[in-house]
Ligand SMILES: Nc1ncnc2c1ncn2[C@@H]1O[C@H](COP(=O)(O)OP(=O)(O)OP(=O)(O)O)[C@@H](O)[C@H]1O
Ligand SMILES: [Mg+2]
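Residue numbers (our numbering): 19 to 261.
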């Protein structure tokens with residue numbers, strides 16, 4: 019059974035269907051990609067999954083439980099975490115303080131103490147060199163890592179990452195991809211929205227493609243890359259397979 023299941027979800031903004039009958043799933047222990055053109059509905063679907071937007075139709079299940087009507091806090095307590103497309107760190111707090119605030123979020127199960135979880139995330143994400151700097155003076159690359167760490171201190175089971183490599187240079191992006199792959203290898207489920215196609219193709223075991231709110235393809239990176247509808251809607255010229 020997949021850890022996260024989105025079944026037949028539709029979202030309407032006024033007269034506009036931002037998401038239409040979307041079905042997808044994401045497993046623990048792997049990175050699942052969600053790609054598609056600007057405005058396709060990827061962030062809206064993330065908002066449905068974490069409870070910020072109510073669908074007009076469809077269900078969201080987590081670990082077999084229907085969580086459709088539950089609050090964002092209830093979902094966080096179950097182990098759903100996310101990062102945001104636009105960075106949302108507390109600028110006047112240090113990196114460490116940003117993590118400490120996030121680590122206080124209550125969970126259903128008993129967890130390690132705040133300091134232990136913060137130390138682990140600092141180590142995993144390599145935040146040591148700028149841990150005591152204010153979040154509004156660090157680089158975008160560093161801020162993306164802090165945002166990831168801020169999600170990790172909650173010890174999530176599933177991480178929704180919305181364009182986490184946006185604003186990063188190619189070596190930072192590669193480093194970020196390796197980090198996501200390592201976290202997944204340790205058991206975390208990751209649902210990744212990302213426009214950097216080579217990153218997506220490299221780290222994802224499965225990919226769903228959204229176009230105008232509809233899932234037009236789901237499969238392995240190789241299957242999605244070869245899908246003519248996906249090529250037309252999003253990829254354009256074929257992308258080289260990672261070596
Ligand atoms: N709060 C809102 N109210 C009205 N329309 C919205 C709202 N949020 C998103 N939309 C519209 O819904 C559609 C999907 O937007 P969404 O942000 O989910 O796309 P996206 O796939 O994340 O795009 P991008 O790749 O640019 O981030 C777009 O047409 C957008 O304009
Ligand atoms: Mg978006």
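Glycine included, every Cβ here is placed at the ideal spot set by N, Cα and C.
| query | result |
| --- | --- |
| Touch test, the stretch 75-83 against the stretch 213-232, Cβ-Cβ under 8 Å, three pairs minimum | no |
| Beta carbon of residue 170 nearer than 8 Å to that of residue 113 | no |
| Rounded straight-line distance, which links the Cα of residue 121 to that of residue 246 | 44 Å |
| Contact test: residue 246 Cβ vs ligand 2 heavy atom, cutoff 7 Å | no |
| Cut-off 7 Å between Cβ atoms - residues of its own chain near residue 239, not counting five sequence neighbours on either side | 219, 222, 225 |
| Distance between beta carbons of residue 54 and residue 60, contact taken as under 8 Å | 6 Å |
| Closest by C-alpha distance to residue 136, when choosing among 66, 168, 153 | 168 |
| Near ligand 2: residue 61 beta-carbon under 7 Å from a heavy atom | yes |
| Residue 100 (DSSP reduced to helix, strand or coil) | strand |
| Check whether residue 96 and residue 124 have beta carbons under 8 Å apart | no |
| CA-to-CA distance, residue 91 to residue 216, given in whole angstroms | 34 Å |
| Cut-off 8 Å between Cβ atoms - residues of its own chain near residue 30, not counting five sequence neighbours on either side | 36, 74 |
| Residue 180: CB within 7 Å of a non-hydrogen atom of ligand 2 | yes |
| Neighbourhood of residue 198 by C-beta, 6 Å cutoff - its chain only, sequence neighbours within 5 removed | 49, 208, 221 |
| Residue 31 (DSSP reduced to helix, strand or coil) | strand |
| Any non-hydrogen atom of ligand 1 within 7 Å of residue 75 CB | no |
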